[in-house]
Amino acid sequence: MVSSVLCRCVASPPPDAAAAASSSASSQASVDPCGGAVCGGPDHRLRLWSLFQTLDVNRDGGLCVNDLAVGLRRLGLHRTEGELREFSTYRQWKQKILQAGDKDLDGQLDFEEFVHYLQDHEKKLRLVFKSLDKKNDGRIDAQEIMQSLRDLGVKISEQQAEKILKSMDKNGTMTIDWNEWRDYHLLHPVENIPEIILYWKHSTIFDVGENLTVPDEFTVEERQTGMWWRHLVAGGGAGAVSRTCTAPLDRLKVLMQVHASRSNNMCIVGGFTQMVREGGARSLWRGNGINVLKIAPESAIKFMAYEQIKRLIGSDQETLRIHERLVAGSLAGAIAQSSIYPMEVLKTRMALRKTGQYSGMLDCARKILAREGMAAFYKGYVPNMLGIIPYAGIDLAVYETLKNAWLQRYAVNSADPGVFVLLACGTMSSTCGQLASYPLALVRTRMQAQASIEGAPEVTMSSLFRQILRTEGAFGLYRGLAPNFMKVIPAVSISYVVYENLKITLGVQSR
Numbered sequence: 001m002v003s004s005v006l007c008r009c010v011a012s013p014p015p016d017a018a019a020a021a022s023s024s025a026s027s028q029a030s031v032d033p034c035g036g037a038v039c040g041g042p043d044h045r046l047r048l049w050s051l052f053q054t055l056d057v058n059r060d061g062g063l064c065v066n067d068l069a070v071g072l073r074r075l076g077l078h079r080t081e082g083e084l085r086e087f088s089t090y091r092q093w094k095q096k097i098l099q100a101g102d103k104d105l106d107g108q109l110d111f112e113e114f115v116h117y118l119q120d121h122e123k124k125l126r127l128v129f130k131s132l133d134k135k136n137d138g139r140i141d142a143q144e145i146m147q148s149l150r151d152l153g154v155k156i157s158e159q160q161a162e163k164i165l166k167s168m169d170k171n172g173t174m175t176i177d178w179n180e181w182r183d184y185h186l187l188h189p190v191e192n193i194p195e196i197i198l199y200w201k202h203s204t205i206f207d208v209g210e211n212l213t214v215p216d217e218f219t220v221e222e223r224q225t226g227m228w229w230r231h232l233v234a235g236g237g238a239g240a241v242s243r244t245c246t247a248p249l250d251r252l253k254v255l256m257q258v259h260a261s262r263s264n265n266m267c268i269v270g271g272f273t274q275m276v277r278e279g280g281a282r283s284l285w286r287g288n289g290i291n292v293l294k295i296a297p298e299s300a301i302k303f304m305a306y307e308q309i310k311r312l313i314g315s316d317q318e319t320l321r322i323h324e325r326l327v328a329g330s331l332a333g334a335i336a337q338s339s340i341y342p343m344e345v346l347k348t349r350m351a352l353r354k355t356g357q358y359s360g361m362l363d364c365a366r367k368i369l370a371r372e373g374m375a376a377f378y379k380g381y382v383p384n385m386l387g388i389i390p391y392a393g394i395d396l397a398v399y400e401t402l403k404n405a406w407l408q409r410y411a412v413n414s415a416d417p418g419v420f421v422l423l424a425c426g427t428m429s430s431t432c433g434q435l436a437s438y439p440l441a442l443v444r445t446r447m448q449a450q451a452s453i454e455g456a457p458e459v460t461m462s463s464l465f466r467q468i469l470r471t472e473g474a475f476g477l478y479r480g481l482a483p484n485f486m487k488v489i490p491a492v493s494i495s496y497v498v499y500e501n502l503k504i505t506l507g508v509q510s511r
């Protein structure tokens with residue numbers, strides 16, 4: 001690996017290295033056993049200069065793709081030129097090295113740019129090493145690798161963990177110290193546990209109109225660099241575009257949930273025809289404004305609540321275990337939903353309104369408050385809260401199961417699932433979550449809308465369930481399910497595409 005250039009004596013300098021270097025010759029020898037022949041002594045820049053010279057094959061003072069192909073082969077990092085060219089031109093090189101170090105955009109790294117990249121990369125590697133070193137003994141063993149992955153919901157066997165260790169273990173101890181970890185990864189793309197988190201973000205990326213999913217985890221690097229809020233902004237923008245594009249299907253779902261019955265069998269084509277006849281093409285987007293506006297406060301409150309609940313849980317893990325994520329995510333969702341629930345009621349009323357009934361959102365809110373009082377803004381609150389647990393739980397369980405299955409079978413060199421796999425997993429998990437919680441969502445919508453239906457009696461959640469089962473059967477609890485499922489695939493696809501483009505606009509570093 002790179003240990004012949006990156007000498008062990010300064011790979012992880014002790015805190016008193018500077019003092020030791022300025023004391024005596026014997027003290028200097030203990031700090032610098034190689035005498036500076038390889039690493040240049042305690043001087044970090046000289047150590048990196050040695051590596052730079054080894055990689056700079058043509059001695060032109062800059063590192064290009066050809067230099068890396070030959071230089072890495074000399075260091076024992078065997079990669080074909082084709083692999084390096086794909087690595088350099090498409091994703092990893094431009095995104096991870098050039099973006100981080102090539103300040104003059106000349107397509108190669110001079111020494112200063114090389115130092116900048118490696119120092120930044122080494123900091124990231126230290127963070128990862130510390131997160132894996134559960135025992136804080138400076139070494140990583142198979143059990144710690146298994147535990148770290150288990151905390152993320154990724155299950156591997158002891159044999160698989162040992163196989164990972166053997167690829168980095170140079171002295172046959174079946175443990176990895178910092179030197180071995182650094183030597184192996186310093187000139188490799190960082191394919192590790194934080195990368196799994198980055199590649200498999202779920203709730204931040206996909207928006208299907210129901211913001212009940214468990215929030216995504218953010219890595220230490222994302223928190224420290226402030227990338228987390230850019231991810232949230234990109235996710236919010238993607239949700240706004242996605243909801244707007246699928247708003248006609250969402251309004252049709254609400255109409256079918258409230259008005260469809262055995263005597264009024266509303267179909268998809270008939271529902272769209274009825275909406276256009278009553279209010280024109282623009283009426284297809286009724287209720288979408290408030291639906292988009294509530295994304296920002298709901299996402300912000302849920303994220304802040306999730307982070308606080310994580311601290312209250314008191315877990316010392318960098319990322320929560322699956323059951324801890326479910327508890328923290330469900331509680332955070334409940335807090336967020338409680339805070340913005342009046343907007344949920346307004347969204348339903350605006351979607352059901354007739355032409356000329358309200359002049360806008362504020363007029364709708366004023367009339368509800370005047371006629372029905374403050375309590376009207378919390379109708380359907382109980383079934384909404386109860387729906388969080390089955391939705392979030394099943395969505396998380398299905399997504400983690402699909403993720404594990406893919407990682408076990410196909411993740412050979414990278415944790416990157418690719419766009420198609422990510423979209424498929426997100427679509428399937430969201431669909432299962434919605435299917436489980438749909439009866440509660442239907443009851444919630446009917447309770448929110450009850451005052452807009454003339455002569456409708458005051459009902460409770462349990463009495464409404466009984467009434468639907470008695471008059472319409474179990475099928476009645478799934479009215480509007482067809483348009484709801486019809487919007488899942490386009491919603492997931494649109495939100496993903498917009499999210500990726502907004503990330504570029506906001507300067508979020510690609511995976």
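Going by full-length UniProt numbering, the first residue of the sequence shown is number 1, and it counts up by one from there.
The beta carbon of each residue, even a glycine, is placed where N, CA and C say it ideally should be.
Would you give the residue range spanned by the alpha helix (DSSP H) that residue i belongs to?
i, result
"S330", "322-352"
"F420", "418-449"
"F272", "268-279"
"D250", "247-259"
"Q160", "158-168"
"G373", "First-last for G373: undefined, no H or E at that position."
"Q308", "295-313"
"S263", "Careful: S263 lies outside any alpha helix (DSSP H) and carries neither H nor E."
"V497", "488-506"
"S283", "Unbroken run through S283: none, as it is neither H nor E."
Residues bridged to residue i by DSSP?
i, result
"I140", "I176"
"L63", "L109"
Given a threshold of 16 other Cβ atoms within 10 Å of its Cβ, counted over all protein chains shown, does residue i qualify as buried or as exposed?
i, result
"L312", "exposed"
"T273", "exposed"
"F475", "exposed"
"P457", "exposed"
"T355", "exposed"
"F129", "buried"
"E400", "buried"
"V492", "buried"
"N265", "exposed"
"V419", "exposed"
"G226", "exposed"
"R349", "buried"
"M304", "exposed"
"I468", "buried"
"Q53", "exposed"
"R371", "exposed"
Where residue i and residue j are concerned, what is the direct C-alpha to C-alpha distance, given to the nearest angstrom?
i, j, result
"residue 538", "Q357", "Only positions 1 to 511 of the chain appear in this structure, which leaves residue 538 out of reach."
"V57", "L46", "18 Å"
"M385", "T460", "15 Å"
"A240", "G289", "9 Å"
"A424", "S148", "26 Å"
"D120", "C364", "53 Å"
"S495", "N501", "10 Å"
"P297", "T427", "24 Å"
"E122", "Q257", "55 Å"
"L127", "E158", "24 Å"
"G237", "P439", "29 Å"
"R286", "L118", "53 Å"
"I309", "G333", "11 Å"
"S430", "L55", "48 Å"
"R409", "L422", "15 Å"
"S30", "K170", "For S30, the predicted model reports a pLDDT of 39, less than 50, meaning its position is unreliable; a value from the coordinates is still stated below. Their Cα atoms are separated by approximately 23 Å."
"F465", "L477", "8 Å"
"A161", "C64", "35 Å"
"E144", "K166", "14 Å"
"L481", "R277", "23 Å"
"I389", "R325", "12 Å"
"E191", "F114", "Residue placement at E191 is poorly supported in this model, since its pLDDT is 43, which falls under 50; the coordinates still yield a value, given next. If you take the alpha carbons of E191 and F114, they lie about 20 Å apart."
"G387", "A247", "22 Å"
"D67", "W49", "15 Å"
"A441", "G433", "12 Å"
"D60", "L109", "11 Å"
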